[in-house]
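Be aware that the sequence shown starts at 12, since it is given in the working numbering, and climbs by one per residue.
Working notes, beginning with the structure itself.
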Amino acid sequence: MKTGVLRVLRTTAASWWRHRELRRAGQTGLARQLERKAVLRDLGYLKQAASLPNAHVICGEGGTFIHLGWTTVSTFALIERFPLATLAVARGTPFIDIRPISDVIAFANLPCVARDGSVDPEPSGSGKSVSLTTYIDMVEGLGARILNDPRSHQSA
Numbered sequence: 012m013k014t015g016v017l018r019v020l021r022t023t024a025a026s027w028w029r030h031r032e033l034r035r036a037g038q039t040g041l042a043r044q045l046e047r048k049a050v051l052r053d054l055g056y057l058k059q060a061a062s063l064p065n066a067h068v069i070c071g072e073g074g075t076f077i078h079l080g081w082t083t084v085s086t087f088a089l090i091e092r093f094p095l096a097t098l099a100v101a102r103g104t105p106f107i108d109i110r111p112i113s114d115v116i117a118f119a120n121l122p123c124v125a126r127d128g129s130v131d132p133e134p135s136g137s138g139k140s141v142s143l144t145t146y147i148d149m150v151e152g153l154g155a156r157i158l159n160d161p162r163s164h165q166s167a
């Protein structure tokens, strides 16, 4: 792991309001321990994002979400204010920016990305799931912007 990534994660952990309050109250040791835990947790999320085939980051008006199979990490902030998501995208995790989508009804009716790699044979309707590449095709058709597109890595 590069030192720049660790520096961002440490800074983020130290800036969290609970850790700052502990430091102000003189509980520096506890603050450091909790910050270490936060950094290790976030490193785990980054490793998962790099290793899982359906992991992706979505940014919309409601915030940014890192989808890691059965786990989702989110914040109400946009990607520019969510260091973990920014790091994941910088390290190659597919990024789907849904902010340009104007047809929210069509977007809401899209199937989900398969969490475990399995795909429903009939990918339509509520509760259905599709592969990440199929999902990207669908949201791109609605106007989403894609970075780190996994479809460009597939052979034709």
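Beta carbons are placed, not taken as given, at the ideal position from N, Cα and C, and that holds for glycine.
These numbers come from a predicted model, not from an experiment.
- In the DSSP secondary-structure assignment, residue 140 is bridged to 123.
- Residue 17: not part of any beta strand (DSSP E); member of the alpha helix (DSSP H) spanning 14-26, first to last residue.
- By the Cβ rule, the region 68-76 does not count as touching the region 38-45, because fewer than three pairs are nearer than 8 Å.
- Distance from the CA of residue 92 to the CA of residue 86, rounded to the nearest whole angstrom, comes to 9 Å.
- Residue 80 holds the alpha-carbon nearest to the alpha-carbon of residue 143 among 23, 17, 32, 80.
- Rounded to the nearest angstrom, the gap between the Cα atoms of residue 155 and residue 112 is 6 Å.
- Nearest in C-alpha terms to residue 125, of all of 65, 158, 20, 163, is 65.
- The beta-carbon separation of residue 19 and residue 94, rounded to 5 Å, stays under the 8 Å limit for a contact.
- In the DSSP assignment, residue 108 falls within the beta strand (DSSP E) that extends over 106-108.
- Assignment of residue 29 by DSSP, reduced to helix, strand and coil, places it in the helix class.
- Contact annotation, residue 83 with residue 76: C-beta distance approximately 6 Å; criterion of less than 8 Å satisfied.
- About 29 Å separates the Cβ atoms of residue 67 and residue 45, ruling out a contact at the 8 Å cut-off.
- Straight across, the Cα-Cα distance linking residue 33 with residue 26 is about 11 Å.
- Leaving aside the five residues that flank residue 23 on each side, the residues in its chain whose CB is nearer than 8 Å to its CB run, in chain order, 49, 53, 94, 95.
- Between the beta-carbon of residue 61 and that of residue 103 there is about 7 Å, and that keeps the pair under the 8 Å contact cut.
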